[in-house]
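This note's numbering applies: residue 673 is where the sequence shown begins, and numbers increase by one. The beta carbon of each residue, even a glycine, is placed where N, CA and C say it ideally should be. The structure presented is a predicted model; accordingly, all values stated were derived computationally and were not measured. Taking it in order: structure first as C-alpha coordinates, then the write-up.
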Amino acid sequence: MLSFEILFVEDCGGDHSWEVIRELAVEDARVRGLSMSRNYGQHNALLAGIRTAQGQIIATLDDDLQNPPEELPKLVCKIHEGYDVVYGSPQRESHGLFRDMASQITKIALQSAMGAETARYVSAFRVFRTELRGAFDEYKSPTVNIDVLLTWATTKFIAIPVKHDLRKYGDSGYTFRKLMQHAMNMMTGFSTMPLKLASFIGFTFSIFGLLILADVILRYLIVGSAVPGFPFLASIIALFSGAQLLALGIIGEYLARMHQRTMERPAYLLREITRSGD
673 MLSFEILFVE DCGGDHSWEV IRELAVEDAR VRGLSMSRNY GQHNALLAGI RTAQGQIIAT
733 LDDDLQNPPE ELPKLVCKIH EGYDVVYGSP QRESHGLFRD MASQITKIAL QSAMGAETAR
793 YVSAFRVFRT ELRGAFDEYK SPTVNIDVLL TWATTKFIAI PVKHDLRKYG DSGYTFRKLM
853 QHAMNMMTGF STMPLKLASF IGFTFSIFGL LILADVILRY LIVGSAVPGF PFLASIIALF
913 SGAQLLALGI IGEYLARMHQ RTMERPAYLL REITRSGD
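And the structure:
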(Lines of atoms letter the chains of each structure in order from A; the text may use other names.)
(Lines give C-alpha, C1' and ligand atoms only; values in the text may rest on other atoms or scores of the structure.)
Protein backbone atom coordinates (compact mmCIF):
# COMPACT_ATOMS: atom_id res chain seq x y z
CA MET A 673 0.00 0.00 0.00
CA LEU A 674 1.30 3.47 -0.89
CA SER A 675 2.40 5.49 2.16
CA PHE A 676 2.66 9.26 2.10
CA GLU A 677 2.65 12.35 4.26
CA ILE A 678 1.23 15.83 3.68
CA LEU A 679 3.48 18.64 4.89
CA PHE A 680 2.05 22.16 5.09
CA VAL A 681 4.40 25.14 5.41
CA GLU A 682 2.71 28.26 6.75
CA ASP A 683 4.81 31.37 6.04
CA CYS A 684 2.90 33.99 8.03
CA GLY A 685 0.18 34.58 5.47
CA GLY A 686 -1.84 36.72 7.86
CA ASP A 687 -4.90 34.46 8.05
CA HIS A 688 -5.93 31.51 10.24
CA SER A 689 -4.19 28.82 8.16
CA TRP A 690 -2.01 27.62 11.04
CA GLU A 691 -5.01 26.85 13.25
CA VAL A 692 -6.53 24.80 10.42
CA ILE A 693 -3.23 22.95 9.88
CA ARG A 694 -3.00 22.09 13.57
CA GLU A 695 -6.54 20.69 13.53
CA LEU A 696 -5.78 18.58 10.45
CA ALA A 697 -2.61 17.24 12.08
CA VAL A 698 -4.58 16.13 15.12
CA GLU A 699 -7.19 14.38 12.99
CA ASP A 700 -4.80 12.69 10.53
CA ALA A 701 -1.39 11.23 11.42
CA ARG A 702 -0.23 11.74 7.83
CA VAL A 703 -0.47 15.52 8.15
CA ARG A 704 2.34 17.66 9.56
CA GLY A 705 2.84 21.39 9.62
CA LEU A 706 5.67 23.91 9.81
CA SER A 707 5.10 27.48 10.95
CA MET A 708 7.71 30.04 9.86
CA SER A 709 8.71 32.80 12.29
CA ARG A 710 8.20 35.36 9.48
CA ASN A 711 7.63 35.46 5.73
CA TYR A 712 11.00 34.56 4.20
CA GLY A 713 9.69 33.94 0.69
CA GLN A 714 8.29 31.00 -1.26
CA HIS A 715 11.55 29.20 -1.98
CA ASN A 716 12.82 29.60 1.58
CA ALA A 717 9.59 28.04 2.86
CA LEU A 718 9.97 25.23 0.34
CA LEU A 719 13.53 24.61 1.53
CA ALA A 720 12.26 24.20 5.10
CA GLY A 721 9.65 21.70 3.95
CA ILE A 722 12.09 19.77 1.76
CA ARG A 723 14.54 19.38 4.65
CA THR A 724 11.74 18.12 6.91
CA ALA A 725 10.09 15.67 4.47
CA GLN A 726 10.58 11.96 5.15
CA GLY A 727 9.41 10.14 2.01
CA GLN A 728 11.53 8.80 -0.85
CA ILE A 729 9.91 11.23 -3.32
CA ILE A 730 8.99 14.85 -2.66
CA ALA A 731 6.21 16.69 -4.48
CA THR A 732 5.73 20.45 -4.15
CA LEU A 733 2.71 22.51 -5.14
CA ASP A 734 1.16 25.85 -4.21
CA ASP A 735 -1.90 26.13 -2.01
CA ASP A 736 -3.89 28.02 -4.67
CA LEU A 737 -4.65 24.66 -6.39
CA GLN A 738 -4.08 26.07 -9.86
CA ASN A 739 -2.17 22.82 -10.35
CA PRO A 740 -4.68 20.12 -9.33
CA PRO A 741 -3.22 17.38 -7.06
CA GLU A 742 -4.93 14.88 -9.37
CA GLU A 743 -2.11 15.55 -11.85
CA LEU A 744 0.56 14.25 -9.44
CA PRO A 745 0.48 10.61 -10.71
CA LYS A 746 1.66 11.84 -14.14
CA LEU A 747 4.78 13.34 -12.58
CA VAL A 748 5.46 10.34 -10.32
CA CYS A 749 5.25 7.97 -13.30
CA LYS A 750 8.02 9.94 -15.04
CA ILE A 751 10.18 9.66 -11.92
CA HIS A 752 9.88 5.88 -12.15
CA GLU A 753 11.09 6.07 -15.76
CA GLY A 754 14.52 7.13 -14.49
CA TYR A 755 14.29 10.91 -14.15
CA ASP A 756 15.32 12.69 -10.96
CA VAL A 757 13.23 15.87 -11.32
CA VAL A 758 9.90 16.19 -13.14
CA TYR A 759 8.13 19.53 -13.62
CA GLY A 760 4.46 19.98 -14.36
CA SER A 761 4.52 22.63 -17.06
CA PRO A 762 1.17 24.43 -17.54
CA GLN A 763 -0.47 23.74 -20.88
CA ARG A 764 -1.66 27.34 -20.79
CA GLU A 765 -0.77 29.99 -18.23
CA SER A 766 -3.82 31.34 -16.38
CA HIS A 767 -2.35 34.65 -15.20
CA GLY A 768 -2.62 38.23 -16.38
CA LEU A 769 -0.68 39.63 -19.34
CA PHE A 770 2.00 41.44 -17.33
CA ARG A 771 2.36 38.53 -14.90
CA ASP A 772 2.87 36.13 -17.83
CA MET A 773 5.48 38.45 -19.39
CA ALA A 774 7.35 38.79 -16.10
CA SER A 775 7.18 35.02 -15.61
CA GLN A 776 8.79 34.41 -19.00
CA ILE A 777 11.58 36.90 -18.26
CA THR A 778 12.19 35.18 -14.93
CA LYS A 779 12.43 31.79 -16.64
CA ILE A 780 15.00 33.16 -19.09
CA ALA A 781 17.03 34.38 -16.12
CA LEU A 782 16.57 30.99 -14.47
CA GLN A 783 17.86 29.28 -17.59
CA SER A 784 21.11 31.26 -17.34
CA ALA A 785 21.44 30.28 -13.68
CA MET A 786 20.55 26.60 -14.14
CA GLY A 787 22.29 26.08 -17.45
CA ALA A 788 19.50 23.71 -18.50
CA GLU A 789 16.93 23.96 -21.28
CA THR A 790 14.27 22.63 -18.90
CA ALA A 791 14.48 25.95 -17.04
CA ARG A 792 12.05 27.46 -19.55
CA TYR A 793 9.39 25.01 -18.33
CA VAL A 794 9.89 25.03 -14.56
CA SER A 795 7.00 25.58 -12.18
CA ALA A 796 6.21 25.27 -8.49
CA PHE A 797 4.53 21.97 -9.37
CA ARG A 798 7.46 19.53 -9.25
CA VAL A 799 8.40 16.04 -8.12
CA PHE A 800 11.94 14.92 -7.31
CA ARG A 801 13.88 12.24 -5.46
CA THR A 802 14.51 13.05 -1.80
CA GLU A 803 18.20 12.12 -1.90
CA LEU A 804 18.86 15.12 -4.15
CA ARG A 805 18.62 17.43 -1.13
CA GLY A 806 21.96 16.05 0.04
CA ALA A 807 23.61 18.34 -2.51
CA PHE A 808 22.41 21.44 -0.65
CA ASP A 809 22.17 20.26 2.97
CA GLU A 810 24.78 22.83 4.01
CA TYR A 811 23.33 25.70 1.99
CA LYS A 812 22.86 28.74 4.27
CA SER A 813 22.41 31.77 2.03
CA PRO A 814 19.20 33.81 2.52
CA THR A 815 18.78 33.86 -1.29
CA VAL A 816 17.18 30.54 -2.19
CA ASN A 817 16.04 29.05 -5.48
CA ILE A 818 15.03 25.40 -5.29
CA ASP A 819 15.32 24.81 -9.03
CA VAL A 820 18.92 26.00 -9.14
CA LEU A 821 19.81 23.96 -6.04
CA LEU A 822 18.42 20.83 -7.70
CA THR A 823 20.85 21.31 -10.60
CA TRP A 824 23.68 20.88 -8.09
CA ALA A 825 22.57 17.27 -7.67
CA THR A 826 21.41 16.06 -11.09
CA THR A 827 21.00 16.75 -14.78
CA LYS A 828 18.06 14.36 -15.28
CA PHE A 829 15.27 16.91 -15.67
CA ILE A 830 12.09 16.69 -17.68
CA ALA A 831 8.90 18.73 -17.97
CA ILE A 832 5.50 17.38 -18.95
CA PRO A 833 2.29 19.33 -19.71
CA VAL A 834 -0.32 19.42 -16.95
CA LYS A 835 -3.62 21.13 -16.34
CA HIS A 836 -3.49 24.69 -14.98
CA ASP A 837 -6.73 26.09 -13.55
CA LEU A 838 -7.74 29.66 -12.84
CA ARG A 839 -7.10 30.95 -9.34
CA LYS A 840 -10.36 30.83 -7.39
CA TYR A 841 -9.42 32.62 -4.16
CA GLY A 842 -7.13 35.53 -3.36
CA ASP A 843 -4.42 37.14 -5.45
CA SER A 844 -0.90 35.98 -6.21
CA GLY A 845 1.89 37.52 -4.13
CA TYR A 846 4.13 37.62 -7.21
CA THR A 847 3.80 41.05 -8.75
CA PHE A 848 5.70 42.24 -11.82
CA ARG A 849 8.22 44.03 -9.58
CA LYS A 850 8.77 41.00 -7.34
CA LEU A 851 9.30 38.72 -10.33
CA MET A 852 11.89 41.12 -11.76
CA GLN A 853 13.64 41.23 -8.40
CA HIS A 854 13.52 37.44 -8.26
CA ALA A 855 15.10 37.26 -11.71
CA MET A 856 17.90 39.62 -10.63
CA ASN A 857 18.52 37.55 -7.50
CA MET A 858 18.85 34.40 -9.59
CA MET A 859 21.21 35.98 -12.11
CA THR A 860 23.54 37.51 -9.50
CA GLY A 861 23.13 34.87 -6.79
CA PHE A 862 23.58 31.69 -8.83
CA SER A 863 25.26 32.71 -12.10
CA THR A 864 28.36 34.57 -13.30
CA MET A 865 26.66 35.55 -16.56
CA PRO A 866 26.24 39.24 -15.59
CA LEU A 867 29.98 39.49 -14.83
CA LYS A 868 30.77 37.97 -18.20
CA LEU A 869 28.37 40.45 -19.78
CA ALA A 870 30.17 43.33 -18.01
CA SER A 871 33.52 42.03 -19.31
CA PHE A 872 32.11 41.78 -22.83
CA ILE A 873 30.75 45.33 -22.66
CA GLY A 874 34.11 46.60 -21.39
CA PHE A 875 35.98 44.81 -24.17
CA THR A 876 33.55 46.07 -26.83
CA PHE A 877 33.83 49.68 -25.71
CA SER A 878 37.62 49.41 -25.52
CA ILE A 879 37.68 48.37 -29.18
CA PHE A 880 35.24 51.17 -29.98
CA GLY A 881 37.50 53.67 -28.21
CA LEU A 882 40.55 52.49 -30.16
CA LEU A 883 38.64 52.90 -33.42
CA ILE A 884 37.66 56.46 -32.47
CA LEU A 885 41.28 57.22 -31.55
CA ALA A 886 42.46 55.84 -34.91
CA ASP A 887 39.85 57.99 -36.69
CA VAL A 888 41.03 61.13 -34.88
CA ILE A 889 44.69 60.43 -35.67
CA LEU A 890 43.97 59.69 -39.35
CA ARG A 891 41.88 62.88 -39.68
CA TYR A 892 44.73 64.90 -38.20
CA LEU A 893 47.35 63.32 -40.49
CA ILE A 894 45.27 63.46 -43.68
CA VAL A 895 43.06 66.54 -43.27
CA GLY A 896 45.26 68.40 -40.82
CA SER A 897 42.57 69.00 -38.19
CA ALA A 898 40.98 67.08 -35.31
CA VAL A 899 37.31 66.11 -35.08
CA PRO A 900 35.42 69.36 -34.30
CA GLY A 901 32.53 69.90 -31.97
CA PHE A 902 31.65 69.66 -28.28
CA PRO A 903 28.63 67.31 -28.87
CA PHE A 904 30.94 64.62 -30.24
CA LEU A 905 33.19 64.81 -27.16
CA ALA A 906 30.26 64.90 -24.73
CA SER A 907 28.55 61.90 -26.31
CA ILE A 908 31.75 59.82 -26.21
CA ILE A 909 32.31 60.67 -22.53
CA ALA A 910 28.69 59.83 -21.67
CA LEU A 911 28.92 56.55 -23.58
CA PHE A 912 32.04 55.34 -21.83
CA SER A 913 30.90 56.61 -18.42
CA GLY A 914 27.65 54.69 -18.77
CA ALA A 915 29.50 51.47 -19.63
CA GLN A 916 31.77 51.90 -16.61
CA LEU A 917 28.87 52.55 -14.24
CA LEU A 918 27.03 49.51 -15.59
CA ALA A 919 30.04 47.30 -14.93
CA LEU A 920 30.49 48.79 -11.44
CA GLY A 921 26.80 48.22 -10.69
CA ILE A 922 27.04 44.55 -11.64
CA ILE A 923 30.16 44.09 -9.51
CA GLY A 924 28.34 45.87 -6.66
CA GLU A 925 25.48 43.36 -6.86
CA TYR A 926 27.94 40.50 -6.40
CA LEU A 927 29.66 42.27 -3.51
CA ALA A 928 26.25 42.73 -1.87
CA ARG A 929 25.61 38.97 -2.14
CA MET A 930 28.99 38.28 -0.55
CA HIS A 931 28.21 40.74 2.24
CA GLN A 932 24.89 39.01 2.95
CA ARG A 933 26.59 35.63 3.19
CA THR A 934 29.27 36.92 5.59
CA MET A 935 26.47 38.03 7.95
CA GLU A 936 25.26 34.36 7.97
CA ARG A 937 21.64 35.43 7.87
CA PRO A 938 19.49 32.26 8.04
CA ALA A 939 17.42 31.15 5.08
CA TYR A 940 14.48 30.58 7.45
CA LEU A 941 13.53 30.02 11.10
CA LEU A 942 10.75 27.72 12.25
CA ARG A 943 8.48 28.95 15.01
CA GLU A 944 6.50 25.75 15.51
CA ILE A 945 6.21 22.21 14.18
CA THR A 946 3.00 20.27 14.60
CA ARG A 947 2.16 16.60 14.05
CA SER A 948 -0.45 14.08 15.05
CA GLY A 949 -0.86 13.90 18.82
CA ASP A 950 0.50 17.40 19.53
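Fill in: Rounded straight-line distance, which links the Cα of Asp700 to that of Leu838
29 Å
Practice prompt. Could you have a look at Glu682 and say whether DSSP puts it in helix, strand or coil?
Written response: strand
Practice prompt. Answer yes or no: do His715 and Asn817 have a C-beta to C-beta separation smaller than 8 Å?
Written response: yes
Worksheet item: What residue does the beta strand (DSSP E) around Leu706 start on, and which one ends it?
Response: Val703 to Met708
Worksheet entry | Leu917, DSSP secondary structure in three states | helix
Item to complete: Have a look at Arg710, Asp734 and Ile923 and flag the residue whose alpha-carbon is nearest the alpha-carbon of Leu679.
Response: Asp734
Practice prompt. Kindly give me the distance between the Cβ atoms of Ala725 and Leu747, rounded to whole angstroms, as I take these residues to be in contact under 8 Å.
Written response: Contact flag wrong, Cβ pair sits at about 16 Å.
Item to complete: For the beta strand (DSSP E) containing Tyr892, list its first residue and its last residue.
Response: It is not in any beta strand (DSSP E) - Tyr892 instead sits in the alpha helix (DSSP H) that spans Met865 to Ile894.
Worksheet item: In three-state terms, what does DSSP make of Phe676?
Response: coil
Worksheet entry | Validate contact between the region 806-813 and the region 921-941 using beta carbons, cut 8 Å, 3 pairs | yes
Fill in: Three-state secondary structure (DSSP) of Tyr759
strand
Discussion item. Just to check my reading of the structure: Val799 and Ile729 have Cβ atoms closer than 8 Å, yes? What is that Cβ distance to the nearest angstrom?
Written reply: 6 Å
Practice prompt. Pull up the distance between the alpha-carbon of Ile960 and that of Gly924, whole angstroms please.
Written response: Because the chain is modelled from 673 through 950, residue 960 falls outside the range shown and cannot be assessed.
Discussion item. On the criterion of 16 or more Cβ atoms from any shown chain inside 10 Å, does His836 qualify as buried, or is it exposed?
Written reply: buried
Worksheet item: Among residues of its own chain, excluding the 5 on either side of Tyr712, which ones have a beta-carbon nearer than 6 Å to its beta-carbon?
Response: Tyr940
Worksheet item: For Glu682, is the classification buried or exposed, using 16 other Cβ atoms within 10 angstroms of its Cβ as the cut-off for buried?
Response: buried
Item to complete: Using the DSSP secondary-structure output, state which residues sit across from Val834 in a beta bridge.
Response: Pro762
Discussion item. To the nearest angstrom, how far is the alpha carbon of Ile889 from that of Ala919?
Written reply: 29 Å
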